[in-house]
Amino acid sequence: MFEYYIDFKIKDPQTSYFINRLFTKIHGFMTKNRSFFAMDLPSASEISSGDILRIFSDAVSIDKITNDPRINMYIKNKVIETTYLVQIPKKITQFVILKRNRFAEKVTYPKNKKKPFHINYENNSNGKVFSLYLDRTIVDKHKEGEFTSFGTSKDSSTVPYLE
44 MFEYYIDFKI KDPQTSYFIN RLFTKIHGFM TKNRSFFAMD LPSASEISSG DILRIFSDAV
104 SIDKITNDPR INMYIKNKVI ETTYLVQIPK KITQFVILKR NRFAEKVTYP KNKKKPFHIN
164 YENNSNGKVF SLYLDRTIVD KHKEGEFTSF GTSKDSSTVP YLE
């Protein structure tokens with residue numbers, strides 16, 4: 044299980060835009076540096092990714108994220124606030140599974156209808172924008188496992204549920 048996390052809280056009214064940009068930057072950073080991480084979107088609803096992006100990782104990776112110029116510019120410009128490095132409490136009673144919803148990715152949604160909870164990210168190698176549809180489930184038991192390069196659960200692995 045992870046020992047640390049950091050919350051990025053979007054302060055700008057264009058919350059979804061900045062969650063998408065921040066996620067793209069963090070995903071690119073973690074992939075490039077081969078860092079192991081997981082994420083949660085604790086303020087998400089069925090149709091919104093919310094205004095908080097929570098990253099779980101080791102202390103060194105989290106420190107590097109906040110000092111990366113592409114991410115740090117959002118902090119310096121007060122677009123986002125961070126908790127910086129926070130140790131996860133030892134006693135956790137609930138956990139979160141954040142999984143990719145591949146079925147939702149295949150559906151064509153009418154322009155006048157809200158899409159389910161997702162993040163749009165830009166592929167750094169070709170510049171194309173993709174939608175990463177997500178399902179978030181709260182469970183009572185922790186499950187060790189793997190996470191994808193997006194920080195989502197690969198096999199129902201969990202991260203701590205932190206209010």
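Numbering-wise (my numbering), the sequence shown opens with residue 44 and increments by one.
Every residue gets a Cβ at the ideal spot worked out from N, C-alpha and C, and that includes glycine.
Since this is a predicted model, take the numbers as computed values, not measurements.
- Distance from the Cα of Asn169 is smallest, within the candidate group Phe61, Ile90, Ile49 and Gly71, for Gly71.
- A straight-line Cα-Cα distance of about 31 Å links Ile90 and Pro112.
- The alpha carbon of Arg179 has as its nearest neighbour, out of Asn76, Ile62, Ser78 and Arg143, the alpha carbon of Arg143.
- Under the DSSP assignment, Tyr117 falls in the alpha helix (DSSP H) whose first and last residues are Pro112 to Lys119.
- Non-local C-beta neighbours of Lys119 in its own chain, meaning closer than 7 Å and more than five positions away in sequence, are absent.
- Counting the other CB atoms within 10 Å of its CB gives Met116 a total below 16, which places it among the exposed residues.
- In the DSSP annotation of this structure, the continuous segment of the beta strand (DSSP E) that includes Tyr48 starts and ends at Tyr47 to Ile53.
- The three-state reading of DSSP puts Arg145 in helix, counting H, G and I together.
- Burial is judged here by how many other beta carbons sit within 10 angstroms of a residue's own beta carbon; Asp94 has at least 16 and is buried.
- Unbroken alpha helix (DSSP H) stretches of 4 residues or longer found wholly inside the segment 145 to 189: 145 to 149, given in chain order.
- Taking the CA atoms as reference points, Thr136 sits about 26 Å from His161.
- Of the candidates Asp106, Leu141 and Phe138, Asp106 places its Cα closest to the Cα of Thr125.
- Phe66 carries a helical assignment under DSSP once its states are collapsed to helix, strand and coil.
- About 6 Å separates the beta carbon of Phe190 from that of Ser200, a gap short enough to meet the 8 Å contact definition.
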